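Down below is the structure, laid out as structure tokens.
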Amino acid sequence: MQHEHFEKGVSCPRCVDKHTEEQKGRFREREKQVQLANLRGEQHVGCEADKIIEARRKEKLQRKEQQRATKK
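Numbering (the working numbering), first residue to last: 78 to 149.
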């Protein structure tokens, strides 16, 4: 059983009172992004993440160019 003050990626019993609610909100958002990346089978940070971001950026640009071409 987990402690009532444990929140994965956000707080534990030792640090629960050491962070502001604003900080905890950032931690929650980061944990959410980590979980979403895991669901996609990707890393959230590191070299691989940089490559994934760049590939997505290129895909997005290609889609935009295709949309513009079909509107003409």
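Where is the CB? At the ideal position from N, CA and C, for every residue including glycine.
Note that the coordinates shown come from a computational prediction; the quantities given were computed from them, not determined experimentally.
Residue 141 and residue 148 have their C-alpha atoms spaced approximately 11 Å apart. DSSP, read as helix, strand or coil, puts residue 81 in coil.
Within the same chain, Cβ atoms closer than 6 Å to the Cβ of residue 111 are found at 121, the five residues on either side in sequence being excluded. The beta-carbon distance between residue 103 and residue 86, rounded to whole angstroms, is 10 Å. This is too long to meet the 8 Å contact definition.
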